[in-house]
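> Same order as they appear, the protein sequences are chains V and L.
FYI, our numbering numbers position 311 of the first sequence as 311, with every residue one higher than the one before it.
FYI, our numbering numbers position 263 of the second sequence as 263, with every residue one higher than the one before it.
C-beta: ideal position from N, C-alpha, C; glycine also.
These figures come from a predicted structure and were not determined experimentally.
Here it is, the structure in full.
Number of protein chains: 2
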Amino acid sequence: MEEIIDLLEQNRLSELKEILLNENPIDIADVFEEFPKEKCLIVFKILPKDLSSEVFSYLSPEKQQEVIENITDEEIRFIMDEMYLDDTVDFIEEMPANIVDKILKNTSSDKRKLINQMLKYPDNSAGSVMTVEYISFKGSITVKQAIDYYRQVAIEKEETDICFVTDNKRKLVGLISLKTLILSNDESLIEDEMETNIISVQTKDDQEEIASLFRKYDITTMPVVDNENRLVGVITVDDIVDVIDQENTEDFQKMAAMNPSDQEYLKESVFSLAKHRIVWLLVLMLSATFTGFVIRRYEATLQSVVILAMFIPMLMDTGGNAGSQSSTLIIRGIALEEIEFSDIFKVIWKEFRVSLIVGMILSSFNFIRLYYFERVGFGISFVVCISLFATIIMAKVIGGVLPLVAKSLKIDPAIMASPLITTIVDTAALMVYFKLAVTFLNI
Amino acid sequence: MEEIIDLLEQNRLSELKEILLNENPIDIADVFEEFPKEKCLIVFKILPKDLSSEVFSYLSPEKQQEVIENITDEEIRFIMDEMYLDDTVDFIEEMPANIVDKILKNTSSDKRKLINQMLKYPDNSAGSVMTVEYISFKGSITVKQAIDYYRQVAIEKEETDICFVTDNKRKLVGLISLKTLILSNDESLIEDEMETNIISVQTKDDQEEIASLFRKYDITTMPVVDNENRLVGVITVDDIVDVIDQENTEDFQKMAAMNPSDQEYLKESVFSLAKHRIVWLLVLMLSATFTGFVIRRYEATLQSVVILAMFIPMLMDTGGNAGSQSSTLIIRGIALEEIEFSDIFKVIWKEFRVSLIVGMILSSFNFIRLYYFERVGFGISFVVCISLFATIIMAKVIGGVLPLVAKSLKIDPAIMASPLITTIVDTAALMVYFKLAVTFLNI
């Protein structure tokens with residue numbers, strides 16, 4: 001990095017070029033992000049054209065826009081020719097309208113047609129993730145013909161080791177790996193060597209379902225077909241890694257009571273961050289007032305034994321934590337397809353037994369602390385510990401059940417996480433607590 | 001599924017075999033999981049041997065054990081010959097000692113040596129994830145020689161389209177894809193065609209770091225070298241998908257205050273579930289008592305204005321939720337390497353501005369509700385809303401800062417999530433609340 005800056009400042013560009021040629025394009029793109037505009041453009045222009053367009057595809061949208069605004073139409077045309085179609089579509093989606101015009105003007109009409117078609121697929125669908133740069137041929141040709149064909153077209157295509165086999169109507173009938181092509185006899189027919197037991201998805205399928213197919217079948221390349229089973233594209237596993245990250249980020253956000261956003265934190269505006277957070281905070285604040293009503297109802301009880309208030313935070317926090325432990329495990333189990341709605345009774349029975357153990361330990365611990373160390377008297381120690389025990393059982397069972405119920409109602413289980421569970425359990429916990437206090441302390 | 005059961009019951013085994021031959025081995029393994037032992041064994045034995053060992057590698061450890069206990073030594077030997085080494089190691093790690101003996105007895109001594117070596121790598125290290133079934137050759141041979149060599153050895157190796165190039169001391173010097181092999185001139189030397197700009201990892205590197213390399217460089221195959229840069233194995237992207245799932249599950253568990261466990265929920269024992277949950281619950285329960293001490297300190301205040309207790313849950317819950325929103329975004333940003341410790345001032349400034357907006361909206365909303373609808377009087381409405389405002393600011397700034405501080409202290413940022421933030425914010429919120437109450441309500 002410092003070396004690059006030094007060379008740039010001393011204008012020793014040919015030495016700089018030598019160094020950059022040995023670097024990974026992704027690392028060069030990283031360096032660009034740190035550089036001021038003028039320096040980027042100088043470096044960009046000394047790179048050989050195929051390397052510069054590869055570096056370009058790894059830049060952040062902000063840098064890409066900066067570059068596009070400052071290079072010639074001819075240079076834009078070269079980048080558009082070189083970039084893989086799925087990267088091009090991702091890039092165009094991030095650009096403002098005037099830049100998009102400038103880009104499309106410099107794109108060949110064939111490619112422009114494909115780009116427009118891909119821009120129409122709904123967000124997060126197979127169509128929006130796939131690339132159309134796959135290799136396909138007919139089953140009636142020989143292995144040798146297939147390899148010759150591969151040699152002609154492969155340079156332009158995205159790195160993949162799977163070729164597809166289609167019939168006369170472009171319908172997908174099989175696939176064959178480079179490995180099989182190399183291992184097969186030159187004169188064999190493709191249709192005799194190909195794999196016909198294929199897993200494929202449709203253009204409108206959701207990316208989350210596609211990710212679970214990749215996970216389940218350990219595949220690296222997935223064909224995408226239209227509703228007449230005609231091959232239209234391919235999804236590779238490196239794109240699925242991004243999908244998995246994105247889906248997990250969404251789950252984390254929903255579980256922390258936020259509307260999901262796919263922007264990076266440091267790049268998202270303050271207003272947009274606030275907007276994604278405010279709705280759930282309002283809803284949960286209003287539901288927390290129900291817990292307040294429970295306290296108001298027992299105002300007289302509290303007035304005569306004010307010390308009861310001292311244990312409210314401990315009961316609320318422990319209940320919330322116990323519940324969110326359970327709901328998190330169940331939500332995650334549902335996301336990884338390890339737990340289904342039909343397991344609900346197994347979950348209840350398991351959580352009940354876990355909560356007995358956990359509740360017993362926490363309550364005993366608390367009783368000793370309250371009775372022997374804090375010396376708040378037997379009555380109050382007893383009421384607090386029984387309430388704690390009951391709270392933990394409720395919290396764990398509710399935390400285990402609600403995500404499954406949500407799933408069966410086709411609501412995203414992730415919203416049944418810590419914040420919502422906490423609010424529900426809080427109210428129940430305080431009701432039990434005051435009820436027991438009134439009964440046992442004769443208030 | 002029903003069809004399979006019907007055919008089994010009518011003992012029409014050859015028809016059944018026909019059907020199964022067209023199924024994906026992973027789907028057959030799924031069917032096995034639902035079947036009682038006797039049926040599994042019947043089906044297992046009618047499958048051709050290579051298919052049956054593939055099905056075997058996809059079974060759950062419970063089913064694998066069942067099968068191993070009920071087949072002959074010869075059948076075990078066949079499975080051990082056919083299974084990929086990394087699957088074999090995963091399988092052996094799950095078996096009880098007597099089964100492991102039975103298995104190793106029926107494994108060739110070469111393979112046994114490799115298995116023992118791989119069992120020694122630490123959990124979650126590159127060595128424990130890699131497979132040793134890669135293809136490598138010298139750079140001095142021609143493309144044609146390389147393809148001939150590939151034809152001889154590839155059938156036995158795990159599906160991969162990358163071959164490695166090593167020198168005389170087995171040191172890794174390059175890699176070449178099947179695509180490049182096919183596209184290159186038969187007489188070219190491998191060393192002229194290979195890619196030398198390689199990203200590799202060492203056997204002891206942590207799988208989480210390896211996953212981020214896969215993510216960053218969009219690669220599908222990663223060579224693993226020892227500390228003298230000698231090639232010892234390879235990690236493929238399908239294994240990395242599992243690693244990403246596992247790392248995310250761990251983060252979810254830590255963020256819900258649990259010690260991480262890599263067992264599936266439905267398969268984990270009640271005792272083990274309780275053990276993973278109890279420690280954090282105890283710690284957090286004890287810290288929540290600090291919040292209780294704040295209340296005790298203001299017992300007199302509470303005695304004279306009992307209604308103040310009514311707003312404790314709302315303040316605690318909203319503070320906790322506001323803080324966990326921020327901490328979740330920061331924790332996730334750190335995990336995806338989008339946020340670093342050096343961004344701490346950007347984060348503070350951003351969270352401060354977000355909390356101003358969010359705090360303003362929630363407080364105004366609350367003031368209107370308390371003053372006009374609940375009619376609790378201006379003083380109390382005012383104190384509650386100012387406390388709420390202050391709580392939200394504290395919560396968001398603390399929630400943003402603590403994960404970054406943890407990261408810089410080399411503590412896992414994921415533990416700075418909802419539960420811990422909630423407890424810290426609770427105490428601070430109630431201190432502000434009572435302080436303001438004493439000051440403004442002249443108690």
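Using Cβ-Cβ distances below 8 Å, what residues of the segment 300-317 of chain V are close to chain L?
L302, Q303, V306, I307, A309, M310, F311, I312, P313, M314, M316 and D317
> I want to verify the contact list: residues of chain V whose CB lies under 9 Å from the CB of I244 of chain L, in sequence order.
As a first step, residue 244 of chain L must be located in the second sequence, where it is residue number 244. Ordered by position in chain V, the residues that pass the 9 Å Cβ test against I244 of chain L are V241, I244, D245 and N248.
> Tell me, which residues are paired with K138 of chain L by DSSP?
Start at 1 with the first residue of the second sequence, and residue 138 of chain L comes out as number 138. Note: K138 of chain L sits in a beta bridge opposite L:T166.
> Which residues, taken in chain order from the segment 344-362 of chain L, show a beta carbon closer than 7 Å to some beta carbon of chain V?
K346, K350, R353, V354, I357, V358, I361 and L362
> At a Cβ cut of 9 Å, what residues of the segment 173-191 of chain V count as close to chain L, listed as they run along the chain?
S177, L178, K179, L181, I182 and L183
> Can you pull the DSSP bridge partners for V347 of chain L?
The sequence position of residue 347 of chain L within the second sequence is 347, counting from 1. Partner(s): none; V347 of chain L has no beta bridge.
> Assuming P223 of chain L is part of the beta strand (DSSP E), what are its boundary residues?
The residue given as residue 223 of chain L occupies position 223 in the second sequence. P223 of chain L -> beta strand (DSSP E) spans T221 to V225.
> Measure from the alpha carbon of M416 of chain L to the alpha carbon of each residue in L:I348, L:A154 and L:R332, then state which is nearest.
In the second sequence, counting from the first residue as 1, residue 416 of chain L sits at position 416. It is L:R332 whose Cα lies nearest to the Cα of M416 of chain L.
> Starting from the C-beta of V89 of chain V, find all residues in its chain whose C-beta is less than 7 Å away, skip the five residues before and the five after it, and write them out in chain order.
In the first sequence, residue 89 of chain V corresponds to position 89, counting from 1. Within the same chain, V89 of chain V has close Cβ partners I115, M118 and L119.
> Counting only beta-carbon atoms, is V448 of chain V nearer than 9 Å to chain L?
Here chain V covers residues 1 to 443 and nothing more, so residue 448 of chain V does not appear.
> Return the Cβ separation of S363 of chain L and V432 of chain L in integer angstroms, given the expectation that the two are a contact with Cβ distance under 8 Å.
Locating residue 363 of chain L in the second sequence gives position 363, where the first residue counts as 1. Locating residue 432 of chain L in the second sequence gives position 432, where the first residue counts as 1. Contact doesn't hold; Cβ gap of about 13 Å is too wide.
> Taking any Cβ of chain L, which residues in the segment 135-154 of chain V have a Cβ under 9 Å from it, in chain order?
I147, Y150, R151 and A154
> Considering I235 of chain L, what are the terminal residues of the beta strand (DSSP E) in which it resides?
Counted from its first residue, the second sequence places residue 235 of chain L at position 235. Its beta strand (DSSP E) spans residues L231 to T236.
> Hey, quick one: how far does the alpha helix (DSSP H) through V306 of chain L stretch, first residue to last?
Taking the second sequence and counting its residues from 1, the one referred to as residue 306 of chain L is at position 306. Careful: V306 of chain L lies outside any alpha helix (DSSP H) and carries neither H nor E.
> Could you compute how far the alpha carbon of E187 of chain V sits from the alpha carbon of A154 of chain V?
Your numbering for residue 187 of chain V matches position 187 in the first sequence. Your numbering for residue 154 of chain V matches position 154 in the first sequence. Computed Cα separation, rounded: 21 Å.
> Rounded to whole angstroms, what's the CA-CA distance from V234 of chain V to Y134 of chain V? Just pull it up for me.
The residue you call residue 234 of chain V lines up with position 234 of the first sequence. The residue you call residue 134 of chain V lines up with position 134 of the first sequence. Their backbone Cα atoms lie some 6 Å apart in a straight line.
> Going by other Cβ atoms of all chains shown within 10 Å of its Cβ, with 16 needed for buried, is D6 of chain V buried or exposed?
Along the first sequence, read from residue 1 onward, the residue named residue 6 of chain V stands at position 6. The residue in question, D6 of chain V, is exposed, as its Cβ has fewer than 16 Cβ neighbours within 10 Å.
> Identify, in the order they occur along the chain, each residue of the same chain with its Cβ nearer than 6 Å to the Cβ of A390 of chain L, setting aside the five sequence neighbours on each side.
Counting from 1 along the second sequence, the entry for residue 390 of chain L is found at position 390. Hits under 6 Å: V432.
> Taking 9 Å as the CB-CB limit, is P419 of chain L close to chain V?
Here residue 419 of chain L corresponds to residue number 419 of the second sequence, with the count starting at 1. Yes, P419 of chain L counts as interfacial toward chain V.
> Where do the ends of the alpha helix (DSSP H) carrying V401 of chain V lie?
Here residue 401 of chain V refers to the residue found at position 401 when the first sequence is read from its first residue. F378 to S408 is the extent of the alpha helix (DSSP H) around V401 of chain V.
> Just the chain V side, please: which residues come within less than 9 Å of I398 of chain L by C-beta, in chain order?
Here the question's residue 398 of chain L lines up with position 398 in the second sequence. Those do not exist, as I398 of chain L stays about 15 Å from chain V at its closest Cβ, beyond 9 Å.
> Using the C-alpha atoms, what's the distance from Q145 of chain V back to R12 of chain V?
By one-based count along the first sequence, residue 12 of chain V stands at place 12. By one-based count along the first sequence, residue 145 of chain V stands at place 145. Taking the straight line joining both Cα atoms gives about 49 Å.
> Would you say the beta carbon of F56 of chain L is closer than 8 Å to some non-hydrogen atom of the ligand ADP?
For the ligand ADP, the structure offers nothing, since it holds no ligand at all.
> Which residue from L:D205, L:K204, L:K157 and L:S327 puts its Cα closest to that of A444 of chain V?
Residue 444 of chain V lies beyond the range of chain V shown here (1 to 443); nothing can be said about it.
> Given a threshold of 16 other Cβ atoms within 10 Å of its Cβ, counted over all protein chains shown, does F373 of chain V qualify as buried or as exposed?
For the purposes of this step, residue 373 of chain V is identified with residue 373 of the first sequence, where counting begins at 1. Its Cβ having fewer than 16 others within 10 Å, F373 of chain V is exposed.
> Exposed or buried, which one is W280 of chain V when buried takes at least 16 other CB atoms within 10 Å?
Start at 1 with the first residue of the first sequence, and residue 280 of chain V comes out as number 280. By the neighbour-count criterion, in which a residue is buried when 16 or more other Cβ atoms sit within 10 angstroms of its Cβ, W280 of chain V is buried.
> Apply the 10 Å Cβ neighbour rule to A300 of chain V and answer buried if 16 or more other Cβ atoms are within range, or exposed otherwise.
Along the first sequence, one-based indexing puts residue 300 of chain V at 300. With fewer than 16 other Cβ atoms within 10 Å, it is exposed.
> Which residues in chain V have a C-beta closer than 7 Å to the C-beta of F365 of chain L? List them in chain order.
Position 365 of the second sequence holds residue 365 of chain L. Chain V residues near F365 of chain L: L282.
> Return no unless some Cβ of chain V is closer than 9 Å to the Cβ of M1 of chain L.
Taking the first residue of the second sequence as 1, we reach residue 1 of chain L at position 1. Cβ-Cβ to chain V under 9 Å: no for M1 of chain L.
> Please report the distance separating the alpha-carbon of I278 of chain V from that of L284 of chain V.
Numbered from its first residue, the first sequence carries residue 278 of chain V at position 278. Numbered from its first residue, the first sequence carries residue 284 of chain V at position 284. So the two alpha carbons sit approximately 10 Å from each other.
> Can you name the start and end residues of the alpha helix (DSSP H) that V132 of chain V belongs to?
Sequence index remark: in the first sequence, residue 132 of chain V carries index 132 (1-based). Looking at the DSSP string, V132 of chain V is not in any alpha helix (DSSP H), and its letter there is neither H nor E.
> One question on the structure: do N168 of chain V and K216 of chain V come within less than 9 Å of each other, judged by their Cβ atoms?
Numbered from 1 along the first sequence, position 168 holds the residue referred to as residue 168 of chain V. Numbered from 1 along the first sequence, position 216 holds the residue referred to as residue 216 of chain V. Not in contact: N168 of chain V and K216 of chain V (Cβ atoms no closer than 9 Å).
> Starting from N177 of chain V, trace the beta strand (DSSP E) both ways and give me its first and last residue.
Here residue 177 of chain V refers to the residue found at position 177 when the first sequence is read from its first residue. The amino acid occupying residue 177 of chain V in the given sequence is Ser; Asn does not appear at that position. Here the beta strand (DSSP E) through S177 of chain V covers L172 to S177.
> For the alpha helix (DSSP H) containing D317 of chain V, list its first residue and its last residue.
As a first step, residue 317 of chain V is located in the first sequence; it is residue number 317 there, counting from the start. Its alpha helix (DSSP H) spans residues I312 to A335.
> Would you say V143 of chain V and E193 of chain V are within 9 Å of each other, going by their C-beta atoms?
Numbered from its first residue, the first sequence carries residue 143 of chain V at position 143. Numbered from its first residue, the first sequence carries residue 193 of chain V at position 193. Going by C-beta atoms, V143 of chain V is nearer than 9 Å to E193 of chain V.
> Contact between the segment 227-246 of chain L and the segment 212-226 of chain V: three or more CB pairs below 8 Å?
yes
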